[in-house]
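Protein chains: 2
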Amino acid sequence: MNIPRTSLPRVVIIGGGFAGISLAKQLGKQEIQAVLIDKHNYHTFQPLLYQVSTGGLEPDSIAYPIRKIVKDYPNFSFRLTNVDAIDTENKCVHTDIGDLNYDQLIIATGSNTNFFGNSEIEKHSMAMKTIPQSLNLRSLILENFEQAILKSDLEERNALMNFIIVGAGPTGVELAGALAEIKKGILPKDYPDLDIRQMKINLIQSSSRILPAMSEIASEKAEDYLQGLGVDVWKNLRVTNYDGDLASTNGDVSFRAATLIWSAGVKGATIAGLDGEEFITKGNRIIVNEFNQVKGFDDIYALGDIAAMQSEAYPFGHPMMAQPAIQQGKHLGKNLARKLNGKEMKPFNYRDKGSMATVGRNKAVVDLPRFKFQGVFAWFVWMFVHLFFLIGFRNRMVVFINWVYNYIRFDREARLIIRPYKNTRKS
Amino acid sequence: MNIPRTSLPRVVIIGGGFAGISLAKQLGKQEIQAVLIDKHNYHTFQPLLYQVSTGGLEPDSIAYPIRKIVKDYPNFSFRLTNVDAIDTENKCVHTDIGDLNYDQLIIATGSNTNFFGNSEIEKHSMAMKTIPQSLNLRSLILENFEQAILKSDLEERNALMNFIIVGAGPTGVELAGALAEIKKGILPKDYPDLDIRQMKINLIQSSSRILPAMSEIASEKAEDYLQGLGVDVWKNLRVTNYDGDLASTNGDVSFRAATLIWSAGVKGATIAGLDGEEFITKGNRIIVNEFNQVKGFDDIYALGDIAAMQSEAYPFGHPMMAQPAIQQGKHLGKNLARKLNGKEMKPFNYRDKGSMATVGRNKAVVDLPRFKFQGVFAWFVWMFVHLFFLIGFRNRMVVFINWVYNYIRFDREARLIIRPYKNTRKS
């Protein structure tokens, strides 16, 4: 991998997501030799991927070059590669560009879409965890409208204009809301040949309320908002199969739809060498102690979505979201500094800052630890918080301008089929 | 194609480039039934593609949804499709989504990269006529740097950091300048492991000066600027072959390079049914009269790059650039209105507004009909003109902000490998 070993302890970080970048920022000035590895050369701001899928934002404004982050840290190197396996005995990471030895290893590989073993659904549905996936979805939505115009058969046309979203967590809810705004604001203008009433957005949730991780009032309000926007919300319903055309459920309904977006869950992105049963718990996550150390090692740590730090308050680990990842990254950075200076590490304490979801213009729900609110103010808070956590001044400016523009004009201009999805899928 | 015929005369426009859009804007309010066809759902602002390739702008800000343009014209329809052939006898366009009859047909298909029959060069080199091509080049440039770090063999590393640009028209010159700015501003910060001196930019021109279509003073100044930025300019040299590694020439030099960008020429994008020898002249262009009518037809027109309107001043037709396309589109729009109202059409007169090229920050050359200038002011004029001709307020804002940011920070933040090019090429 062409990284000569120095006399400094070598810290290898796998993954440049929220956890990895938060850790890197903390370790930036430390006396270590750090190597950050990722399979992309950019950090993705995942909470806004749904806006890329729906033409509200360009992909480049929610991505940030990892090299631009680590360039300020003289002891950091970055390598663009896939990790094949970890050899804990020889303290070595095997990658497709060679081996890399470590003194301290941090696993911040995040999570992948969880299809719960249903390969038929995996094959035919759209996921939304990466920028290429979001761009594929953007292309598909627009391609479906273009195709719908050409169909004289009503059933075929309806299927092309029917969007099924499985899973009503924040991603599913936000995507449903954005599609509803496309139906209202874009469809009648761009596609006067199509009957707006034929576009259906079905949001399907297996449990008894949407946004199940939020408060009941948030769930209720969000559902009200969605219904007001014309989204059909289905609760206590589970999609059991999807063949690219027909989505079957455990209830007595089924849906004909050309598009099914799967946002029903994620699972830890494990790595060979640390994926033995003794390491892994529910959701494919690696069990860690209160210092984020992997069971049985004092030199291997796991952070963020991939790490399950089980406690009384969080028996299955912290929620797989940005906040625990950011906080764990920062905390581990401080702990590693303590350790390098011969001091004791401190246990991690999660500070739940609350959670939020937006449904559409002027419509959001916010749960703070002390109080909960919904509506216009919640929507402003949602925007402010997302702008604040975006990396990079230019990205913030461009996102801000797009939001102002979209708000004033009821528009989403990035409705571009730059790489057709259907052609890609065929080949 | 699901477009019922109305009693109005049907005008079919093939191509949503500068010519097609300029015509559409002119015909927007006419009493016709117009159908605009393009293989993309967006208009591309081609003069700024090189900035997409070099990470200065996001692709979405130089593309504009065609449906958003024609939605204001009640008599316009848009169809996303490829044209297979034209049947002039039955006045019909064959496409991959069905046939379309026309009363008046306008061919505004533009041009493709001209490899002058060398399939080896075509296979291995990068073109830059479309947004996907520009994004492929962006990925490749960055992938090459990532790979160069890993090579201990000096020759291999040099080849990965050697960029050959063939053809020193505006595109080649602007790309060379942008790569030089990457070498100076990005490479040392992002890739401290690489020796900046190993990055070479070779600009190769077959004739005796660069920017041959511009004034001699512009050529000289541009060459000065490029040399100041560290670009190696080769004149009177022709690349005869390229196998993906070695570029041979008609001189006694050859180059080992992992990247060769071909900007040495374009040729008209002809259509079956109108590609007979009697219609076509030099550069694969369709011969048209002074009303843009194709020889032998009074209901078929060609516009822009694809059209060769031969005159004393322009014996081979107008230059294949945005300005003639825009002016011809506008003029034909007026002529068609005259024709529909039973009036005489007027011959087209090209108003040469001059030409310009930018080399880098504060460095551009401008040839106006009355005077020529270079340097900082030329650079501002270049930027102003390009912002002015961009379609869409949001695009202008986003491009402007990126330019201000890039100028102040000596930066180009869109250095993202969103879809790896090398993996795509392999598969």
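Keeping their order, the protein sequence lines are chains V and D.
FYI, in the UniProt record's numbering the residues of the first sequence are 1 to 427.
FYI, in the UniProt record's numbering the residues of the second sequence are 1 to 427.
Glycine included, C-beta positions come from ideal geometry on N, C-alpha and C.
Contact between the stretch 221 to 233 of chain V and the stretch 349 to 364 of chain V (3+ Cβ pairs under 8 Å): Touching, per the Cβ criterion.
Span of the alpha helix (DSSP H), counted from its first residue to its last, around Asn-284/V: In the first sequence, the residue the question calls residue 284/V occupies position 284. Where Asn-284/V is concerned, there is no enclosing alpha helix (DSSP H), given that its DSSP letter is neither H nor E.
Using the rule of at least 16 other Cβ atoms within 10 Å of the residue's Cβ for burial, across every protein chain shown, is Pro-369/D buried or exposed? The residue labelled residue 369/D in the question sits at position 369 within the second sequence. Taking a 10 Å sphere around the C-beta of Pro-369/D, we find fewer than 16 other C-beta atoms and assign the residue as exposed.
For Asp-367/D, count neighbouring Cβ atoms within 10 angstroms of its own Cβ and tell me buried if that reaches 16, exposed if not. Start at 1 with the first residue of the second sequence, and residue 367/D comes out as number 367. Residue environment for Asp-367/D: buried (at least 16 other C-beta atoms within 10 angstroms of its C-beta).
CA-CA distance, Gln-205/D and Arg-285/V? In the second sequence, residue 205/D corresponds to position 205, counting from 1. In the first sequence, residue 285/V corresponds to position 285, counting from 1. Rounded to the nearest angstrom, the gap between the Cα atoms of Gln-205/D and Arg-285/V is 57 Å.
Quick one: list the residues of chain D neighbouring Arg-67/V, beta-carbon separation under 7 Å, in chain order. Translated into the one-based positions of the first sequence, residue 67/V becomes position 67. Those within 7 Å of Arg-67/V in chain D are Asp-190.
Chain D within 9 Å of Lys-426/V, Cβ atoms only: As a working note, residue 426/V is residue 426 in the first sequence. The predicted position of Lys-426/V is uncertain, since its pLDDT is 42 and thus under 50; a value taken from the coordinates is nonetheless stated next. Nearest CB-CB separation between Lys-426/V and chain D: not below the 9 Å threshold.
Are any of the Cβ atoms in chain V nearer than 9 Å to that of Tyr-64/D? As a working mapping, residue 64/D is identified with position 64 in the second sequence. True, the Cβ-Cβ gap to chain V drops below 9 Å.
Smallest Cα separation from Gly-15/V: which of Asn-2/V, Ser-7/V, Val-83/V? Working through the first sequence from its first residue, we reach residue 15/V at position 15. When C-alpha distances from Gly-15/V are compared across Asn-2/V, Ser-7/V, Val-83/V, the shortest belongs to Val-83/V.
Looking at the structure shown, is Pro-420/D part of a helix, part of a strand, or coil, going by DSSP? For this step, residue 420/D is matched to residue 420 along the second sequence. When DSSP states are grouped into helix, strand and coil, Pro-420/D belongs to the coil group.
Alpha-carbon spacing of Gln-26/V relative to Ser-311/V, whole angstroms: On the first sequence, position 26 is the one that residue 26/V refers to. On the first sequence, position 311 is the one that residue 311/V refers to. So the alpha carbons of these two residues sit roughly 25 Å apart.
Along the alpha helix (DSSP H) that carries Asn-395/D, what are the first and last residues, could you check? Working through the second sequence from its first residue, we reach residue 395/D at position 395. Here the alpha helix (DSSP H) through Asn-395/D covers 393 to 409.
Whose Cβ in chain V lies nearer than 9 Å to the Cβ of Asp-99/D? For the purposes of this step, residue 99/D is taken as residue 99 along the second sequence, with counting starting at 1. Within chain V, no C-beta atom comes less than 9 Å from the C-beta of Asp-99/D; the nearest is roughly 13 Å away.
Kindly identify the DSSP beta-bridge partner or partners of Pro-324/V. Position 324 of the first sequence, counting from 1, holds the residue named residue 324/V. Paired residue(s): none; Pro-324/V is not in a bridge.
Measure from the alpha carbon of Ile-417/V to the alpha carbon of each residue in Arg-10/D, His-43/D, Gln-30/D, Leu-23/D, then state which is nearest. Reading the first sequence from its first residue, position 417 is the one you call residue 417/V. Distance from the Cα of Ile-417/V is smallest, within the candidate group Arg-10/D, His-43/D, Gln-30/D, Leu-23/D, for His-43/D.
Would you check if there are 3 or more beta carbon pairs closer than 8 Å linking the stretch 107 to 121 of chain V to the stretch 261 to 271 of chain V? With a cut-off of 8 Å, the stretch 261 to 271 of chain V and the stretch 107 to 121 of chain V count as touching, because enough Cβ pairs lie within range.
Would you mind working out which of Asn-292/D, Asp-72/D, Ile-164/D sits nearest Ile-261/D, comparing C-alpha positions? For the purposes of this step, residue 261/D is taken as residue 261 along the second sequence, with counting starting at 1. Closest in alpha carbon position to Ile-261/D, among Asn-292/D, Asp-72/D, Ile-164/D, is Ile-164/D.
Environment of Lys-363/D [buried if 16+ CB atoms lie within 10 Å]: As a working note, residue 363/D is residue 363 in the second sequence. Looking at its Cβ environment, which holds 16 or more other Cβ atoms inside 10 Å, Lys-363/D is buried.
Go through its chain and collect everything with a Cβ distance to Leu-274/V's Cβ below 6 Å, but skip five positions before and after it. Taking the first residue of the first sequence as 1, we reach residue 274/V at position 274. Within its own chain, the residues whose Cβ lies closer than 6 Å to the Cβ of Leu-274/V, once the five positions on either side in sequence are excluded, are Ile-86, listed in chain order.
Chain D contacts made by the stretch 384 to 408 of chain V, where a contact means CB separation under 8 Å: Going along the stretch 384 to 408 of chain V in chain order, one finds Gly-392, Phe-393, Arg-394, Asn-395, Met-397, Val-398, Ile-401, Asn-402, Tyr-405 with a Cβ nearer than 8 Å to chain D.
Between which residues of its own chain and Lys-426/D is the CB-CB distance below 7 Å, once the five residues before and five after are set aside? If you number the second sequence from 1, residue 426/D lands on position 426. Below a pLDDT of 50, predicted positions are generally treated as unreliable, and Lys-426/D, at 42, falls in that range; the measurement from the model is reported next regardless. Nothing listed; no residue qualifies.
What did DSSP end up calling Gly-17/D once you bin it into helix, strand or coil? For the purposes of this step, residue 17/D is taken as residue 17 along the second sequence, with counting starting at 1. DSSP places Gly-17/D in coil when its eight states are reduced to three.
Under 7 Å Cβ-Cβ, which residues of chain V neighbour Ala-414/D? The sequence position of residue 414/D within the second sequence is 414, counting from 1. Under the 7 Å cutoff, chain V gives Asp-60.
For Phe-348/D and Asn-292/D, believed in contact at Cβ under 8 Å, the rounded distance: Mapped onto the second sequence, residue 292/D falls at position 292. Mapped onto the second sequence, residue 348/D falls at position 348. Confirmed, Cβ separation roughly 6 Å.
For Asn-41/D, return the contacting residues in chain V, with the cut-off set at a CB-CB distance below 8 Å. The count along the second sequence starts at 1 and reaches residue 41/D at position 41. One finds Leu-142, Glu-146, Arg-415, Leu-416, Ile-417 in chain V with Cβ atoms closer than 8 Å to the Cβ of Asn-41/D, taken in chain order.
Taking the alpha helix (DSSP H) that Val-385/V falls in, what are its first and last residues? Here residue 385/V is taken as the residue at index 385 of the first sequence, counted from 1. Note, Val-385/V: alpha helix (DSSP H), 376 to 389.
With burial defined as no fewer than 16 other Cβ atoms inside 10 Å of the residue's Cβ, what is the status of Asp-6/V: buried or exposed? Here residue 6/V refers to the residue found at position 6 of the first sequence. Here residue 6/V turns out to be Thr, not Asp, going by the sequence shown. It counts as exposed.
To which residues of the same chain is Asn-2/V closer than 7 Å at the C-beta, ignoring the five residues directly before and after it? Looking up residue 2/V in the first sequence gives position 2. Scanning its chain for C-beta atoms nearer than 7 Å, with the 5 sequence neighbours on each side dropped, one finds no residue around Asn-2/V.
Test item: CB-CB of Gln-104/V and Asn-75/V under 9 Å: The residue labelled residue 104/V in the question sits at position 104 within the first sequence. The residue labelled residue 75/V in the question sits at position 75 within the first sequence. Their beta carbons are not under 9 Å apart, which means Gln-104/V does not touch Asn-75/V by this criterion.
Expressed to the nearest angstrom, what Euclidean distance is found between the alpha-carbon atoms of Gly-392/V and Phe-45/V? Residue numbering aside, residue 392/V sits at position 392 when the first sequence is read from its first letter. Residue numbering aside, residue 45/V sits at position 45 when the first sequence is read from its first letter. When rounded, the distance between both Cα atoms is 11 Å.
With 9 Å as the threshold, decide whether the Cβ of Ser-77/D is near any Cβ in chain V. Taking the first residue of the second sequence as 1, we reach residue 77/D at position 77. Yes, its Cβ sits closer than 9 Å to a Cβ of chain V.
Supposed close pair Ile-62/D, Arg-415/D - CB separation, criterion 8 Å: Indexing the second sequence from 1 puts residue 62/D at position 62. Indexing the second sequence from 1 puts residue 415/D at position 415. Contact flag wrong, Cβ pair sits at about 17 Å.
Assign Asn-41/D to buried or exposed, taking buried as 16 or more other Cβ atoms, counted over all protein chains shown, within 10 Å of its Cβ. Reading the second sequence from its first residue, position 41 is the one you call residue 41/D. By the 10 Å Cβ count, Asn-41/D comes out buried.
Examine chain V for any beta-carbon lying closer than 9 Å to the beta-carbon of Pro-47/D, and answer yes or no. On the second sequence, position 47 is the one that residue 47/D refers to. With a threshold of 9 Å between beta carbons, Pro-47/D makes no contact with chain V.
What residues from the stretch 121 to 132 of chain D come within 8 Å of chain V, judged by C-beta to C-beta, listed N to C? Within the stretch 121 to 132 of chain D, those residues whose Cβ lies closer than 8 Å to any Cβ of chain V are, in chain order, Ile-131, Pro-132.
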